[in-house]
Amino acid sequence: MRFEVDGAPVDATPQPGQVLRTLLREQGVTAVKKGCDSGDCGACSVLVDGDPVHSCIYPAHRIDGRTVTTAAGLGTPEQPHPVQRAFAEAAAFQCGFCTAGMVVTASTFTAEDVADHHRPLKGNLCRCTGYRAIEDALAGVVNTTCAAPGDAVGTSVRAPAAMRIVTGREEYTLDVPSSGDVRATETLLHLAVLGSPHAHARIVRIDTAAAEALPGVHAVLTWRDDPGVLFSTGRHESRLDDPDDTRVLDRVLRFRGQRVAAVVADSVRTAERACALLDVEYEVLPSVHDVDAARRPGAPLLHGDKTTAEHRIAEPGRNVVAALHGETGDVEGALAAAAATVEGVWTTSRVSHAALETHATRGRIDEDGRLVLRTATQVPFLVRDEIAHVFGLDPERVRVVAKRVGGGFGGKQELLTEDLVTLAVLRTGRSVQYEFSRRDEFTIAPARHPMRVRVRLGATADGVLTALHVDQTMDTGAYGNHGIGVMYHSVSESVAVYRCANKRVDAESVYTNNLPSGAFRGYGLGQVVFAIESAMDELARELGVDPLTLRRRNVIVPGDPLVVTDPDEETDLHFDGSYGLDQCLDLVEEALATGPDTAARDALVPRMDGPVLDDSDDWAFGTGTALAAIATVPPRGHHAHASVELTADGRYRIGVGTAEFGNGTTTVHTQLVATALGTTPDRVTVHQSDTDAAVHDTGAFGSAGVVVAGKALYAAATTLREQVVARALTLVADRTPRTDSGVLGPAVELGPDGVHVGGVLVTAAELLAEGPLVAHGQHDGTPRSVAFTVHGVRVAVHRPTGEVRVLQSVQAVDAGTVMNPEQLRGQVEGGAAQAIGSSLYEEVVVDDTGRVTTDSFRAYRVPKISDVPRTDVLFARTHDPLGPLGAKSMSEAPYNPVAPAVANAVRDAIGVRPYRLPMTRDRVWALVQDGDR
């Protein structure tokens, strides 16, 4: 079969039933991405004879004699297609994994399509941006600019990878020919997994003979091949922060889909066929799927064979992985004496990260005998160290590399594919690849922790908070990855942001036989903030005061301690030097008070199908606000080492361990270095997310990429500046006049062309003739600051159907020095859009047997471009002395206050309080009926 791809002839024979996406990938066409393989996300979009199609569902045999155009065929970085240039100039991407498909689709748009773009783009999902920048690109809006030498910080410079991303040339995890990762005499092997059909079972017997006899099978791995070391898939700086409750392959299965066995074969198809040939006998064990039932006497114990001391599980005999019970003051007494009290129980759902690039790892043994893992991770160094621990390897003999990662949101702060690939590589001595399907992402990858949060508040008649009690229970699922950290973090800043003499926190993280939970944007704060901010809104109604007035009366201000339940607790958190919460409250209040006029509102609210928004009694309108606080760096240690080196062409090369997955740290890193060294960001090259690139980096989570790794880089850059200046002064000393005191007189200025000492230019080549110039910097992540966010919305609720439409969305953020305004705006918009999804649509549904029923994008609703309103982003004017050049982190923070703001607006509209997320149409409709009775 002959066809043409991006102008080049191709001769290939597809396998029976093969789709175009996989056929193109086999030909080395990497601009075509895998996001869903079900025609739902658009990451695989290509043009077939000029028409956009989803290649993941387009039969490959139909391509005979046709022409295929991918993003790489539309244009090059040097000569991009107009749509590609527009996407780059508008900064219409973050992780960029969806961008190649988005650009291909948009390249066919007529003027009418652009005007009604919500419909032709309904098949293209973006998890990162919130879509506003994509709409700007379609409208020809330019959001980026160039920076003058030494003046990069504070400007909206373009991401270094922009042109590669929009032209489909940026490398993601598996975007490299398999021949690049295997020896000349080998082919790449593939791995497939047989998952447990039971929520709780013990493997009695596995007969692997039929699978091993299948041609093309190289190994079958079972619990007998497990290295025998317990660990946690959750990764932190200290591995002791998580419980040791997991094995690579376990004989006891604790949730549906858990690994029973793995097959390594010549192809995925052969490996999957071999999995079907495995004969497994199970002893089915009693399972438990409710957090209350799990803690009752006699409940099935998931990890009853483990101990608190050895495995760091709080109460294995009660299925409790972590617990916190503490109080300051007398909450019960304060509630009894309060003039007004509010009490409620709020529940939140499991939420999928839905990053478009699925988890994937390719492993090999390199020429020096080192294990090399190329993987989609936010934490390459932590993966390296844990792989070394589990398999008894010297960390120096393990290299972990993360290319650009297609979205993370905490989901890639896990070790989900790397361990099994390592086992397969060590067993076979061959290069092996394991890639999750989209179904895997929904059914076996950890989701956000579902929580039940009871809140009790008490206040005086004039609105002074006197009692605050939070009772939180969360389902950590079958394993405790992040089950300890999320529990503690969820009740930290959410409680500490309010002054109150009497506080109590009760929190427990509970094992069940459900899908494991894990790290998710906000790391537990979003769930508890939803409850507390909803309760604060209800308290304001009880007292008859404005909700923002009540918050101003009770939030912490400079000079106040940050108290959860122990006023004497030592903390490295400080916010006195940078406090913007008051400004954020004012900015949101003003924005909501003025509001958009009708024309502006129509521009902000996507055109949607469904009932027409009008002034009839069918629609109820409401306004809601909420606030949140978050530490700018995760606790308990976050370290980064970085280097900056001058190269002979006058450019600078930086080495840093932080991964780029749409968090934008790479852009800011180049801005920091360019500012310190008097050059422009385009003259800074980056070697990152590779354990060979730096001494150590804890990883890109907790929004630490700028405030930890960025601070280390800026320190290295300023040190290098001193070295460069000193050497330049030495080189021209005999030609430079001195003052009587012997001090060099002329000004010294670094520029892109070298160092100017008076009227003398010293080039990079001259500087390096005396030896290399390289400097190092590091930061240990402490002390830490606090960032604040306030969100406000106006909503319309359609009473006959329960549909909620967000008419106005505004968020004010306390981000310190804004390093890149357009990029920060995009982070806030993306966080708000993801949170609107969590508020109104998204829920990973697990039935009462532990089966995930929402296992595709078609069943799990990630917001489309027509679902998300524009969020107006406002910046408080603050400067944080703890951050690099005054910056704070701002990637996780925008997510946290959105759900309660929407819920408070729905309450304002219909007069009934929502207590459960997501606020789907059926649930809101039921609330409307309750209010009408």
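Our numbering puts the first residue of the sequence shown at 881, with every later residue one more than the last. All residues carry an ideal CB built from backbone N, CA and C; glycine is no exception.
Supposed close pair residue i, residue j - CB separation, criterion 8 Å
i, j, result
"residue 1682", "residue 1763", "Rounded, the Cβ-Cβ distance is 43 Å, inconsistent with contact."
"residue 1219", "residue 1382", "Contact doesn't hold; Cβ gap of about 14 Å is too wide."
"residue 1788", "residue 1503", "6 Å"
"residue 1712", "residue 1010", "6 Å"
"residue 1144", "residue 1098", "5 Å"
"residue 1558", "residue 1030", "4 Å"
"residue 1814", "residue 1046", "Beyond the ends of the chain as shown, which are 881 and 1813, falls residue 1814; an answer cannot be given."
"residue 1289", "residue 1455", "With 8 Å as the limit, residue 1289 and residue 1455 do not qualify as a contact, their Cβ atoms being about 25 Å apart."
"residue 1235", "residue 1291", "6 Å"
"residue 1501", "residue 1674", "7 Å"
"residue 1475", "residue 1691", "With 8 Å as the limit, residue 1475 and residue 1691 do not qualify as a contact, their Cβ atoms being about 15 Å apart."
"residue 1872", "residue 1756", "Any answer about residue 1872 is impossible in this case: the structure gives the chain only from 881 up to 1813."
"residue 1211", "residue 1384", "4 Å"
"residue 1281", "residue 1260", "7 Å"
Which residues DSSP lists as bridging residue i, in chain order
i, result
"residue 1668", "1509"
"residue 1349", "1336, 1384"
"residue 1853", "In the structure displayed, the chain extends from 881 to 1813; residue 1853 sits before or after that span and is not available."
"residue 1570", "1281"
"residue 1102", "BP columns for residue 1102 are empty, so no partner."
"residue 1245", "1251"
"residue 1083", "1162"
"residue 1313", "1070, 1242"
"residue 1689", "1673, 1751"
"residue 1684", "1677"
"residue 1577", "1520"
"residue 1796", "1227"
Distance between residue j and residue i (C-alpha atoms, nearest Å)
i, j, result
"residue 896", "residue 903", "11 Å"
"residue 1334", "residue 1386", "10 Å"
"residue 1025", "residue 1415", "44 Å"
"residue 1785", "residue 1684", "10 Å"
"residue 1608", "residue 1532", "16 Å"
"residue 1564", "residue 1550", "6 Å"
"residue 1275", "residue 1542", "28 Å"
"residue 1782", "residue 1332", "19 Å"
"residue 1622", "residue 1526", "In this prediction, residue 1622 has a pLDDT of 42, which is less than 50 and means its spatial position is unreliable; nothing more can be read from the coordinates."
"residue 1646", "residue 1653", "11 Å"
"residue 925", "residue 1049", "15 Å"
"residue 1809", "residue 1071", "52 Å"
"residue 1537", "residue 1522", "7 Å"
"residue 1374", "residue 1353", "15 Å"
"residue 888", "residue 954", "13 Å"
"residue 1121", "residue 1529", "45 Å"
"residue 1294", "residue 1749", "32 Å"
"residue 881", "residue 940", "10 Å"
"residue 1553", "residue 1544", "15 Å"
"residue 1188", "residue 1194", "5 Å"
"residue 1138", "residue 1131", "10 Å"
"residue 1771", "residue 1791", "33 Å"
"residue 919", "residue 1740", "14 Å"
CB contact check: residue i to chain D, cutoff 8 Å
i, result
"residue 1298", "Protein chain content of the structure displayed is limited to a single chain, and chain D is not contained in it."
Three-pair Cβ contact test at 8 Å for the region 1182 to 1193 versus the region 1092 to 1106: By the Cβ test, the region 1182 to 1193 is not in contact with the region 1092 to 1106, since fewer than three Cβ pairs between them sit closer than 8 Å.
Count the C-beta pairs between the region 1067 to 1087 and the region 1163 to 1172 that are closer than 8 Å, then say yes if the count reaches three, no if not. As far as the Cβ criterion goes, the region 1067 to 1087 touches the region 1163 to 1172, which means the pair count is three or higher.
Unbroken beta strand (DSSP E) runs of length 3 or more, entirely within the region 1174 to 1235: which are they? Complete beta strand (DSSP E) runs here, min 3: 1200 to 1208, 1220 to 1227.
For the region 1125 to 1150, which segments carrying the beta strand (DSSP E) assignment without a break, of at least 3 residues, lie completely within its bounds, in sequence order? With a minimum length of 3 residues, the continuous beta strand (DSSP E) runs that stay inside the region 1125 to 1150 are 1139 to 1145.
Quick one: any contact between the region 1298 to 1312 and the region 1346 to 1353, if contact means 3 or more CB pairs under 8 Å? As far as the Cβ criterion goes, the region 1298 to 1312 does not touch the region 1346 to 1353, which means the pair count is below three.
Are the region 1033 to 1047 and the region 1718 to 1729 touching, with three or more C-beta to C-beta distances below 8 Å? As far as the Cβ criterion goes, the region 1033 to 1047 does not touch the region 1718 to 1729, which means the pair count is below three.
Below 8 Å, how does it come out for the region 1580 to 1595 and the region 1502 to 1519: are there three or more Cβ pairs, yes or no? Counting Cβ pairs under 8 Å, three or more are found: they touch.
Say whether the region 1145 to 1161 touches the region 1222 to 1230, bearing in mind that this needs 3 or more beta-carbon pairs closer than 8 Å, one atom from each stretch. They do not touch, by the three-pair rule.
Determine contact between the region 969 to 983 and the region 996 to 1005, defined as no fewer than three beta-carbon pairs at a distance below 8 Å. Contact between the region 969 to 983 and the region 996 to 1005 is present, because at least three Cβ pairs lie under 8 Å.
Are the region 1359 to 1370 and the region 1118 to 1127 touching, with three or more C-beta to C-beta distances below 8 Å? The region 1359 to 1370, when compared against the region 1118 to 1127, does touch it at the 8 Å Cβ threshold.
To test your reading of the DSSP string, which unbroken alpha helix (DSSP H) runs of 4 or more residues are found completely within the region 1351 to 1425? Counting only runs of 4 or more, we get 1363 to 1370, 1373 to 1376, 1405 to 1423.
So does the region 1011 to 1019 actually touch the region 1735 to 1750, counting three or more Cβ pairs closer than 8 Å? Cβ pair count under 8 Å is three or more, so yes.
Contact between the region 1420 to 1432 and the region 1394 to 1412 is defined here as three or more beta-carbon pairs at a separation below 8 Å; is this criterion met? Touching, no.
Would you say the region 980 to 992 touches the region 926 to 943, given that touching needs at least three Cβ pairs under 8 Å? The region 980 to 992 makes contact with the region 926 to 943; the number of CB pairs closer than 8 Å reaches 3 or more.
Please specify which runs of the beta strand (DSSP E), each continuous and at least 3 residues long, are wholly inside the region 1630 to 1670, giving them in chain order. Entirely contained in the region 1630 to 1670, the beta strand (DSSP E) runs reaching 3 residues are, in chain order, 1634 to 1637, 1640 to 1642, 1654 to 1659.
Start-end ranges of the alpha helix (DSSP H) lying completely within the region 983 to 1013, minimum 4 residues: Within the region 983 to 1013, the runs of alpha helix (DSSP H) at least 4 residues long that lie entirely inside it are, in chain order, 991 to 995.
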